[in-house]
Each structure stands twice: as structure tokens, then as C-alpha cells.
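S.K.:
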Amino acid sequence: MTEAGARQVHYRLRGEVAGSSRAYALHPGENWVGSVAGNAIVLPVRGVSRRHALLTLEPEGLTLEDMGSRNGTLVKGVRVQRTRLRAGDEIRVGPVRLRLEEVEPEDTAIAITVRSDAPVHGLAADDTTATPIEEAGRVGLRLLEAVIARVCARPEPDLQGLVALLSRELGASSMCIFEARKGDPVAIATSGVLPDLSRHRRFVELLRGAAASGHAVRATSLEGDVPLTCAIGAGAGPDRLGVVVAGDLKGRGREVEAVLRVLVVLCQRLRPEALAPAPSPRAEAPDLAFPEGYVPGSSPAMRSLYGQMRALMQGDLPVLLLGETGVGKEFLARILHDSSPRRKGPFVAINCAAIPAELLEAEMFGIGKGIATGVAERRGKFQMAEGGTLLLDEIGDMPLELQAKLLRALQEKEVQPVGGAPVAVNIRIVTATNSDLNRRMEEGRFRRDLYFRVAGFALHVPPLRERREDVPVLVESFLRAFTGETGKAVRGITVKALRALTEYPWPGNVRELEHEVRRLVYLCPEGQAIDSTMISLQVLADPHEGGLKPALDTLELAKNVQALERRLI
10 MTEAGARQVH YRLRGEVAGS SRAYALHPGE NWVGSVAGNA IVLPVRGVSR RHALLTLEPE
70 GLTLEDMGSR NGTLVKGVRV QRTRLRAGDE IRVGPVRLRL EEVEPEDTAI AITVRSDAPV
130 HGLAADDTTA TPIEEAGRVG LRLLEAVIAR VCARPEPDLQ GLVALLSREL GASSMCIFEA
190 RKGDPVAIAT SGVLPDLSRH RRFVELLRGA AASGHAVRAT SLEGDVPLTC AIGAGAGPDR
250 LGVVVAGDLK GRGREVEAVL RVLVVLCQRL RPEALAPAPS PRAEAPDLAF PEGYVPGSSP
310 AMRSLYGQMR ALMQGDLPVL LLGETGVGKE FLARILHDSS PRRKGPFVAI NCAAIPAELL
370 EAEMFGIGKG IATGVAERRG KFQMAEGGTL LLDEIGDMPL ELQAKLLRAL QEKEVQPVGG
430 APVAVNIRIV TATNSDLNRR MEEGRFRRDL YFRVAGFALH VPPLRERRED VPVLVESFLR
490 AFTGETGKAV RGITVKALRA LTEYPWPGNV RELEHEVRRL VYLCPEGQAI DSTMISLQVL
550 ADPHEGGLKP ALDTLELAKN VQALERRLI
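Numbered per the numbering used here, the sequence shown finishes at 578, counting up by one with no gaps.
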């Protein structure tokens, strides 16, 4: 048996077309290449014939046939009429040079879809790199198996995140895991805005019939105002679980139904304790005010942090934010301010490491009137923050002589501008550092008495490697922001690329992740998806254990479903 016959092989062509980097996925069967709409691969370039060549992908391999084009088709520099292709071959279609690449299925499946109204420049109407429906179904199942492996390995599975991920992968407008109580569905985890299930006659009939029989039931494309596809597990009373997907699945109903069957078995395996969905950070901390641009985390580490912050909202207890560079300490200081009674006052920040020592005192405390000829009176950051909150960032780098003056200001609640008289201040102090203050105190580089003044409560901000569950939502937020910034239409990011971003330890934390996603958006060809070949070599070269396991890719869909169900029961 040939290599292609032994396993499903995925290919794409990559090259520069009309000045833009492009990639084209090859689908099983015929892939026509030409200059006009209607071809699977549209190359709108002079010198490419209307129907230039035909690529045929079969279990036995991939063949290329020139269709009598005027300028011919070359493979590795040799003009051909018909030939078998291998990964790495360079193909020349008229003036266009393309390289054939073998691609893993997970590098064609979209993990996060970015919807953009931005126009796709330079693409013909039929130009596409989408995975065909039947292949997308198999990829979706492989994704589900990988997610199951990850979820089952975690002590507190995040069903809310799982539903959101699968809803995107399955192309559903909304999705819900529910519990049947007296014949009525009670949502456990949802994604999107679900229609009123109690008004969907066919769904209610199905649910009641399932309750009466106690058997597992499934249904595809239940008719109604919004078509539904669902799976309901066996059982009775509150132990009865189901999953429902709303929306037009464009012929994928049977495949989606198969995925839902496995998901129901997963949910039944996890109940009862593990079925409590991860609460929304906004629901768990309803009084916290998240500023624009901040992406709340839903990981256990961040939910714990938000809980501590809620306890600190009232009053003026000094808060010390401890965390590595790039974890978002200034955002958290802003949240504390915006959530406190001082929110109507100013929020002022100063970086103690960014200002030379000889200028820092004037920046903090201001300059008095008449100190010298030509030197104007100026308020310092303490006075600017009157009635609000002052963030002293990187306080661990403050010179010792200035630490003594800061300590006095905090004790006396007044500051003394350079060359001026004392001025009373009414502010809340929040400090932040990525330094080990305990070590600095031992070395005599940070005053112990100042530490106890600024660390009324120390908040430890977790690094991104300790909250990997938050990476996908951060990536999605950055994708939307930067596609809006560039006006570029990007389809999204593939499963393999997202896994690489999730597994990388991110020493620069959220700031480094943001930089990488920005780079990927700029690098990604117009109208295409970010795949693993675009990820920085530094990220790809530092894989960590514990990511998604490779999925089965040689079994038929039905066999996969049955095998997964047996594993989970």
C-alpha cells in the first residue's frame, strides 16, 4: 500500500500570486487550476490559461495534468503533460511558482473563526482555501477527541470553554449543554444566544419522549424557527443530560449529531461535581469594572485573583501587585480603581524604573514655586492623583534615598514638592513590581518599613503559563483587534497553530502573546487562516508537554464515534 493509501494525506500549494503570498488547500478529487472563477485554485495572472491544469487527489496519491495550456505547466523545472507529485515539488503554472506542501489535518481545521467585514483584495469570487464538508467533519471529531482527553485530565473541566470552542468548530450559531428536569431543559453551559427551547415544539416532544422512555435519543435538523440538532443521553430525572446545537449546519447535521453523541457521554462521565461550569469572571465578580481592552480570564487562577480583588474594592488599603513582566499589572490596578468608590477621581501611573533617579522626586512630588529662575511650578503625580488612585509601577527599582521620602509621604499623607511647602494629599496607593522584594530587602536595597506600608495586601498575578486555559480567548480578542487595525480579512487560526500558542510558556506573558498575534495578522495572507507555518520559530521550538494529544486519523467517522463512546462509558 502506498503512503497516501495508508493514511489520509492533506496537501496545499503555497506561493506568491499577483504580489501576495497565497496558500491553497487541495480537496479530495478534482482541483481545477485556472485564471477565472469556477476553478478550485484561481490564479488571476496573465499567462495562466482559463482552465490551465488539473490536480487530482486520490487515495493512491496526487497527480497533475496540463490541460493544453498555452504557456505549459512545469514540475521541478521540467514541462510535463501528466505526472505524480510529491510534497516539496515546485510547480510552475504559467508565470506562477507554487510549492506543494503536506499538511496535517489540524493545520487546516479552524479553531477560532474571525468574522470580518473587511474586503478581500485580489481574490476571485470562487477562490477558497476551505476544507470540504466531509473532511471538516472528520477534523471536528479529531478535535473533540483531543478536547475530551484534555478535559478529562483536568480536575475542574471548563465546560463553558469547551462549548464555546466546539460551537465555533461546528459552525453553529449557538450551543447548549443542558440537564433535563421534569421534562424541561436547564442550561449548564451555553455559547451564543440560544432560541427559547420551550417554544420549539419538535424539541419539546423529543425531550418528553426521551424522558418517558429513558433511552438515549438523537435528532438532526429539527424543524422550527431555528433548526436544531441534538443528542440526549440515557437516564432519568436530573441525571439526564443533553446537548443541542442551533443553526443551519449546511448539510453537516449527521456529522454534528455524531459529535454530540460523544459529548453527551463525556458529560455523563463527568457528573455530578465536575459539571459545574466555570463561572464567567464577570458573573463571579459582578462589581469589578473591567476597562476597555482588557480580556477577563476564566481560568481557576484568574477567578481566584478576581475574588481577592473584590474584597479590596472598598477602602484605601494599599495593594501590592506582584507578577512577571507582561502579566497586566497596570490593567489590574485600573480595575481596582474603576471598581472602588474613588472611580470618579483620577487614575495616575508612574513607572519608577523609567525615570532617572535625579528626576523621579520631582515627577512624584512636584516642584515648588520660585525654586530657581526659569523653573516653573509643577504638580507631581501625587497631587495629580488627588481623590483617586496612584500606581507606583516597578517600585522595587526606586532608589533608596527616595524610598525614605516616599515612606514619609505615606505616613504623613502629605508630600513636599522640591523647593516647596508640604501639601496634603488624599489618594489610594497601588504599587507593582516584577522584582523579588524579599530578596531586595535581605540585600538592603529595599526598605522593610516601606514594604509594610505599600503591601497592605499582596496580590500575586499568575503568569500566562499557569493559566493556559485563557490563551484561546486572548488570541481571539487580539485577532479581532488587529484585523480591525489592519483592515485585513483573516479567516481565523487553525487548531495546530492555536495549540502551539497554548503550549508555549510565554516568558513575556500576555504582552508577548499580543506581539506574536499582531505579527501573525500582518504576516497572514489576505483572506486566509493563520496556520502553524506562520508561528515564530521561537514558539515552535519550545514545545511543552500536556498539550492536546494527536487524534486518530485513519478510522472512519462512525468507527471513531463508537470507539470514543466505548472509551468514555
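Glycine included, C-beta positions come from ideal geometry on N, C-alpha and C. Just so it is clear, the structure is predicted and the values come from calculations on it, not from any experiment.
How should Val-87 be labelled, buried or exposed, when 16 other C-beta atoms within 10 angstroms of its C-beta is the threshold for buried?
M.R.: Counting Cβ neighbours within 10 Å, Val-87 comes out exposed, since fewer than 16 surround it.
S.K.: Identify every residue that forms a DSSP beta bridge with Asn-40.
M.R.: Per DSSP, Leu-64.
S.K.: Around the C-beta of Val-195, are 16 or more other C-beta atoms found within 10 angstroms, so that it is buried, or is it exposed?
M.R.: The residue in question, Val-195, is exposed, as its Cβ has fewer than 16 Cβ neighbours within 10 Å.
S.K.: Can you give me the Cβ contacts of Arg-520 inside the same chain, cut-off strictly under 6 Å, excluding the 5 residues immediately before and after it?
M.R.: The residues are Gly-335.
S.K.: What did DSSP end up calling Pro-194 once you bin it into helix, strand or coil?
M.R.: Residue state, collapsed to three classes: strand.
S.K.: Just list the beta strand (DSSP E) runs in the region 436-467, keeping only unbroken ones of 3 residues or longer that don't cross its boundaries, in chain order.
M.R.: The qualifying runs are 437-442.
S.K.: Applying the criterion that 16 or more other CB atoms from any shown protein chain within 10 Å of the CB defines a buried residue, is Pro-481 buried or exposed?
M.R.: Buried, by the Cβ-count rule.
S.K.: At the level of alpha carbons, what is the spacing between Leu-237 and Val-213?
M.R.: Answer to the nearest angstrom: the Cα atoms are 11 Å apart.
S.K.: Below 8 Å on the Cβ atoms is my contact criterion, and I expect Ala-6 with Ala-342 to pass it. Report the Cβ-Cβ distance as a whole number of Å.
M.R.: The question about residue 6 has no answer here: the residues shown for the chain are numbered 10 through 578.
S.K.: Name the two residues that bound the continuous alpha helix (DSSP H) containing Ser-313.
M.R.: It spans 309-320 - the alpha helix (DSSP H) in which Ser-313 sits, taken as one unbroken run.
S.K.: Using the beta-carbon count (16 or more within 10 Å), is Leu-22 buried or exposed?
M.R.: Leu-22 comes out buried.
S.K.: By the DSSP assignment, the beta strand (DSSP E) with Gly-70 in it spans what residues?
M.R.: Taken as a continuous stretch (DSSP letters only), the beta strand (DSSP E) holding Gly-70 covers 70-75.
S.K.: Can you tell me whether Met-373 is helix, strand or coil according to DSSP?
M.R.: In this structure, Met-373 counts as helix in the three-state DSSP scheme.
S.K.: Rounded to whole angstroms, what's the CA-CA distance from Glu-403 to Leu-216? Just pull it up for me.
M.R.: The alpha-carbon atoms of Glu-403 and Leu-216 are separated by roughly 58 Å.
S.K.: DSSP three-state call for Gly-428: helix, strand or coil?
M.R.: Gly-428: coil per DSSP, three-state reduction.
S.K.: Can you list, in chain order, the stretches of the beta strand (DSSP E) that have 3 or more residues and sit fully within the region 497-543?
M.R.: The qualifying runs are 501-503.
S.K.: Exposed or buried, Tyr-531, counting other C-beta atoms within 10 Å across all chains shown (16 or more means buried)?
M.R.: Label assigned to Tyr-531: exposed.
S.K.: Just tell me which of Gly-103, Glu-410, Ile-438 and Glu-301 has its CA closest to the CA of Leu-1.
M.R.: Any property of residue 1 remains undetermined from this structure, which presents the chain solely from 10 to 578.
S.K.: Within a Cβ cutoff of 6 Å, which residues of the same chain sit near Ser-125, ignoring the five residues on either side of it in sequence?
M.R.: At Ser-125 the pLDDT is 44, less than 50, meaning the model places this residue with poor confidence; the figure from the coordinates comes in the next sentence. Same-chain partners within the cutoff: Thr-492 and Ala-498.
S.K.: Please check the pair Pro-534 and Ser-182, which I expect to be a contact at CB under 8 Å, by giving their CB distance rounded to whole angstroms.
M.R.: Rounded, the Cβ-Cβ distance is 28 Å, inconsistent with contact.
S.K.: Please determine, among Gly-43, Pro-471, Arg-387 and Arg-462, the residue with the shortest C-alpha to C-alpha distance to Arg-101.
M.R.: Here the closest residue by C-alpha is Gly-43.
S.K.: Determine the extent of the alpha helix (DSSP H) in which Arg-343 is found, giving its start and end residues.
M.R.: 338-347 is the span of the alpha helix (DSSP H), which, as asked, contains Arg-343.
S.K.: Applying the 10 Å Cβ sphere with the 16-neighbour rule, what's the burial state of Ala-287?
M.R.: Note that Ala-287 scores 45 on pLDDT, short of 50, meaning its location in the model is unreliable and no value can be drawn from it.
S.K.: To the nearest angstrom, report how far apart Val-526 and Glu-423 are at their CA atoms.
M.R.: Cα to Cα, the separation comes out at about 45 Å.
S.K.: What residue range does the beta strand (DSSP E) around Leu-94 cover?
M.R.: That run of the beta strand (DSSP E) goes 91-94.
S.K.: Take Glu-110 as the anchor and find which of Val-18, Gly-56, Val-54 and Pro-365 has the nearest alpha-carbon.
M.R.: If we check each option's Cα against that of Glu-110, Val-18 comes out closest.
S.K.: Rounded to a whole number of angstroms, what is the C-alpha to C-alpha distance between Arg-387 and Met-393?
M.R.: So the two alpha carbons sit approximately 10 Å from each other.
S.K.: Here's the rule I'm using: 16 or more other beta-carbon atoms within 10 Å means buried, otherwise exposed. How should Thr-353 be labelled?
M.R.: Residue identity differs from the one stated: residue 353 is Lys in this sequence, not Thr. Per the 10 Å Cβ criterion, exposed.
S.K.: Closest to Asp-347 by C-alpha separation, out of Leu-297, Ala-363, Val-252 and Pro-305, would be which residue?
M.R.: When each option's Cα is compared against that of Asp-347, the closest is Leu-297.
S.K.: Rounding to the nearest angstrom, what Cα-Cα distance links Met-543 and Leu-549 in this structure?
M.R.: Those two C-alpha atoms are separated by around 10 Å.
S.K.: The alpha helix (DSSP H) with Leu-52 in it runs from where to where?
M.R.: From DSSP, Leu-52 is part of no alpha helix (DSSP H); its letter is neither H nor E.
S.K.: Counting beta carbon pairs with one atom in the region 396-415 and one in the region 361-370, are three or more of them shorter than 8 Å?
M.R.: They touch, by the three-pair rule.
S.K.: Can you give me the start and stop residues for the alpha helix (DSSP H) that Glu-421 sits inside?
M.R.: From DSSP, the alpha helix (DSSP H) with Glu-421 extends over 409-421.
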